[in-house]
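Chains as they are written, first to last, in our numbering: chain A, 98 to 201; chain B, 566 to 715.
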């Protein structure tokens, strides 16, 4: 399964468009990590726990998108976009979407 | 007593925040030099070529928190308006770091070009621990590898 955020893959032809594939996940912060992040807010710097958390969440959103595309019979997802929104204080939604296509 | 705690927090934030930011910028500059050969383009289309290429989605993210001193400085700045320089450097750091991580992933795949680079910034707002401000930057793009694979 090819995943790409460009619309044209060099040397490959799109033979069928299957519509949009999407995947999302909502993650809440871990209380302990949030406490540590609160302390980190005094001295500043990278919040490694959050960086990892968001990366994991994003990977999961992509995985769900890929699963959906597979179910549609696609062999690639092109023009992938990401979007993040905070649903409530302490929870964030990660959303990945793209066009499921069949490449020759 | 309260004013002492506040001053303590401000001083800690100022001293450690400054050191951390300086170190981070030094490290960013060093790694930018190191990853100079990995090119990132915001162009939507790669140059036309007959050779088949394999695209790989690469990305890098980072969450950076602001220190107590900067947060206070920004709160004061909010009263009179104008440039909030303390937050400008924060977002700059996060962005450059995210791009570097994306380049790092591209290099791990053996790619030297990344197309359609997009940057996404979101603020991770207030948590359970009260007022806090941190920003997440995610940089992503498509690295092209020579050859065809499915």
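Even for Gly, the Cβ is constructed at its ideal location relative to N, Cα and C.
With a threshold of 7 Å between beta carbons, is residue 148 of chain A in contact with chain B? Your numbering for residue 148 of chain A matches position 51 in the first chain. Yes, residue 148 of chain A counts as interfacial toward chain B.
Between residue 194 of chain A and chain B, is there a C-beta pair that is closer than 7 Å? On the first chain, residue 194 of chain A is found 97 positions in, with the first residue counted as 1. Closer than 7 Å: no.
Does the Cβ-Cβ distance between residue 198 of chain A and residue 171 of chain A come in under 7 Å? Against the first chain, residue 198 of chain A aligns to sequence position 101. Against the first chain, residue 171 of chain A aligns to sequence position 74. The answer is yes: Cβ separation under 7 Å.
What residues from chain A crowd round residue 702 of chain B, counting only those whose CB sits closer than 9 Å? For this step, residue 702 of chain B is matched to residue 137 along the second chain. The contacting residues do not exist; residue 702 of chain B stays about 10 Å from chain A at best.
By how many angstroms is the C-alpha of residue 98 of chain A removed from the C-alpha of residue 694 of chain B? Here residue 694 of chain B corresponds to residue number 129 of the second chain, with the count starting at 1. Here residue 98 of chain A corresponds to residue number 1 of the first chain, with the count starting at 1. Residue placement at residue 694 of chain B is flagged as unreliable, the pLDDT there being 45, under the threshold of 50; the coordinate-derived value follows with that caveat. Rounded to the nearest angstrom, the two C-alpha atoms are 41 Å apart.
Leaving aside the five residues before and after residue 606 of chain B along the sequence, list all residues of the same chain whose C-beta is less than 6 Å from its C-beta, in chain order. Residue 606 of chain B sits at position 41 when you count from the first residue of the second chain. If we look at residue 606 of chain B and ignore the five residues flanking it on each side, its Cβ neighbours are 680.
Pull out every residue of the region 642 to 654 of chain B whose Cβ sits closer than 7 Å to any Cβ of chain A, in chain order. none
Do we get a CB-CB distance below 7 Å when we pair residue 112 of chain A with the residues of chain B? Within the first chain, residue 112 of chain A is the residue found at index 15, counting from 1. Cβ-Cβ to chain B under 7 Å: no for residue 112 of chain A.
Residue environment, residue 711 of chain B, which counts as buried when at least 16 other CB atoms sit within 10 Å: Here residue 711 of chain B refers to the residue found at position 146 of the second chain. With fewer than 16 Cβ atoms within 10 Å of its Cβ, residue 711 of chain B is classed as exposed.
Quick one: Cα of residue 595 of chain B to Cα of residue 702 of chain B, how far? Residue mapping note: residue 595 of chain B aligns to position 30 of the second chain, counting from 1. Residue mapping note: residue 702 of chain B aligns to position 137 of the second chain, counting from 1. Answer to the nearest angstrom: the Cα atoms are 20 Å apart.
With C-beta atoms as the reference, is residue 188 of chain A less than 7 Å away from residue 134 of chain A? Mapped onto the first chain, residue 188 of chain A falls at position 91. Mapped onto the first chain, residue 134 of chain A falls at position 37. No, the pair does not count as a contact, with Cβ atoms beyond the cut-off.
Member of B/661, B/568, B/700 and B/709 whose CA lies at the smallest distance from the CA of residue 593 of chain B: For the purposes of this step, residue 593 of chain B is identified with residue 28 of the second chain, where counting begins at 1. Among B/661, B/568, B/700 and B/709, the Cα nearest to that of residue 593 of chain B is on B/661.
In angstroms with no decimal places, state the Cα-to-Cα distance between residue 142 of chain A and residue 136 of chain A. Here the question's residue 142 of chain A lines up with position 45 in the first chain. Here the question's residue 136 of chain A lines up with position 39 in the first chain. Spanning the two alpha carbons is a distance of roughly 11 Å.
To the nearest angstrom, report how far apart residue 704 of chain B and residue 599 of chain B are at their CA atoms. By one-based count along the second chain, residue 704 of chain B stands at place 139. By one-based count along the second chain, residue 599 of chain B stands at place 34. The straight-line gap from Cα to Cα measures roughly 18 Å.
Could you name the residues of chain A that residue 685 of chain B contacts, counting a contact when the two beta carbons are closer than 7 Å? Taking the second chain and counting its residues from 1, one reaches residue 685 of chain B at position 120. Ordered by position in chain A, the residues that pass the 7 Å Cβ test against residue 685 of chain B are 179 and 181.
Can you tell me the Cα-Cα spacing of residue 648 of chain B and residue 568 of chain B, whole angstroms? Here the question's residue 648 of chain B lines up with position 83 in the second chain. Here the question's residue 568 of chain B lines up with position 3 in the second chain. Rounded to the nearest angstrom, the two C-alpha atoms are 27 Å apart.
Taking the alpha-carbon positions, what's the residue 623 of chain B to residue 566 of chain B distance? Your numbering for residue 623 of chain B matches position 58 in the second chain. Your numbering for residue 566 of chain B matches position 1 in the second chain. C-alpha separation (whole angstroms): 51 Å.
Exposed or buried, which one is residue 587 of chain B when buried takes at least 16 other CB atoms within 10 Å? Taking the first residue of the second chain as 1, we reach residue 587 of chain B at position 22. Counting Cβ neighbours within 10 Å, residue 587 of chain B comes out exposed, since fewer than 16 surround it.
What is the rounded straight-line gap between the Cα of residue 183 of chain A and the Cα of residue 147 of chain A? On the first chain, position 86 is the one that residue 183 of chain A refers to. On the first chain, position 50 is the one that residue 147 of chain A refers to. Their Cα atoms are separated by approximately 14 Å.
Out of B/585, B/611 and B/620, which one is the CA nearest neighbour of residue 675 of chain B? The residue you call residue 675 of chain B lines up with position 110 of the second chain. It is B/620.
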